[in-house]
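Novice: In terms of the working numbering, the sequence shown has 463 at position 217, counting the first letter as 1, and numbering is strictly consecutive. Following this message is one structure expressed as structure tokens.
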Amino acid sequence: MISAIALVGAFALTGCTDSGAGSTEEAPVAEDVTFDEGTTMAALNEAGEITIGTKFDQPLFGLLGPDGTPVGFDVEIGKLIAAELGIDESGINWVETVSANREPFIQNGDVDLVVATYTINDTRKEVVSFAGPYYQAGQDLLVLTGNPDGITGPEDLADKAVCTVSGSTSEANIAEYTTNVITTDAYSNCLGPLRSGDVAAVTTDNVILAGLADQNAGEFEVVDAPFTEEPYGIGLALDDTEFRGFINDVLEASYEDGSWASAWEATAGSVLETPEPPAVDRY
Ligand code: GLU
């Protein structure tokens, strides 16, 4: 478990103002890899294609770029996995997953993987499996610059409206503090109500809020008092144990060879300091 102090440390701003986060050098694609017959890895390798769900509206993690493909840390994690399956970037079909449709998209086979600021938890583990975690965030609050309501944490929201996304852990967690919650399907939709004063805060993971603040320079600030732990996992079909083990191996290798850190630096690293990667959990 990462401590609250470590979370705050991980969230420290780099002071770098270049937000033109793009992608890393193309990951070297594994050649001549072979996988046991009948595995998901063998099927994907044979097809030379993979479908990955990610967010399309979250700067730093998954944001649709001008060329129609998404950019961000989650996107880079997806590319690392595809490369180890012998699939190059042109073989990745990116699909937008919002918070509420991640489990059904995996269950229905609409996607092979979800890499989308997706918290690993026991409720979700009943219907999908998770590799990772590959990052740990914490839920926080976004307010107008200058924090006009003086909000220091979720306890200050009892008599105020807050905006978040349906189907997220953020929605479930904030319900403990206020019933005055407006929900939408994507966090970017919460910025209008925050600007207009219809809500006093937007709540979700600190790193998502940091990306939105950076994208709208000067308008918003993150309270920076995380009050939950959100370990990000890679969602896949329930009980595909071999595929999960393979992805966990890819993650651990990326921690060792520096490709995880390079992926961070090329994306979220434009705004956030490079954290230590969390230990994967082979549950
Ligand atoms: N990490 C949280 C979740 O998976 C909040 C962010 C999101 O909705 O993607 O629910």
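C-beta atoms are modelled at their ideal positions from N, C-alpha and C, and glycine is treated no differently.
1) Just the Cα atoms here: how many angstroms apart are residue 339 and residue 397?
2) Please state whether DSSP places residue 447 in a helix, a strand or coil.
3) Assign residue 267 to one of two classes, buried (16 or more other C-beta atoms within 10 Å of its C-beta) or exposed (fewer than that).
4) Do you know offhand how far residue 373's Cα is from residue 438's?
5) Going by alpha carbons, who is nearest to residue 309 out of 429, 433 and 495?
6) Between the alpha carbons of residue 302 and residue 499, how many angstroms are there, rounded?
7) Under 8 angstroms, do residue 385 and residue 416 count as touching if we go by C-beta distance?
8) So, for residue 497: in the same chain, excluding its five sequence neighbours on each side, which residues have a beta-carbon less than 6 angstroms away from its beta-carbon?
9) For the region 294-354, list the alpha helix (DSSP H) runs that are entirely contained and at least 4 residues long, ordered along the chain.
10) Need the endpoints of the alpha helix (DSSP H) that residue 501 sits in, please.
11) Is the beta carbon of residue 415 within less than 7 angstroms of some heavy atom of the ligand GLU?
12) Quick one: is the Cβ of residue 363 within less than 7 angstroms of any heavy atom of the ligand GLU?
13) Residues in its own chain within less than 7 angstroms of residue 510 by CB, not counting five upstream and five downstream?
Specialist: So, from the data block:
1) A straight line joining the alpha-carbon of residue 339 with that of residue 397 spans about 41 angstroms.
2) Three-state result, residue 447: strand.
3) Only weak support is given to the placement of residue 267: the predicted model assigns it a pLDDT of 48, under 50, and the value that follows is read from those uncertain coordinates. The residue is buried, with at least 16 neighbouring Cβ atoms inside 10 Å.
4) If you take the alpha carbons of residue 373 and residue 438, they lie about 34 angstroms apart.
5) Of the listed residues, the one whose Cα sits closest to residue 309 is 433.
6) Using only the alpha carbons, I get a separation of about 27 angstroms.
7) When the beta-carbon positions are compared, residue 385 and residue 416 come within less than 8 angstroms of each other.
8) Excluding residues within five positions, the ones whose Cβ falls inside 6 angstroms are 380 and 526.
9) For the region 294-354, whole alpha helix (DSSP H) runs of length 4 or above, ordered along the chain, are 319-330 and 348-353.
10) It spans 487-503 - the alpha helix (DSSP H) in which residue 501 sits, taken as one unbroken run.
11) It does: the Cβ of residue 415 is within 7 angstroms (strictly closer) of some heavy atom of the ligand GLU.
12) Residue 363 Cβ: within cutoff of the ligand GLU.
13) Contacts found: 319 and 520.
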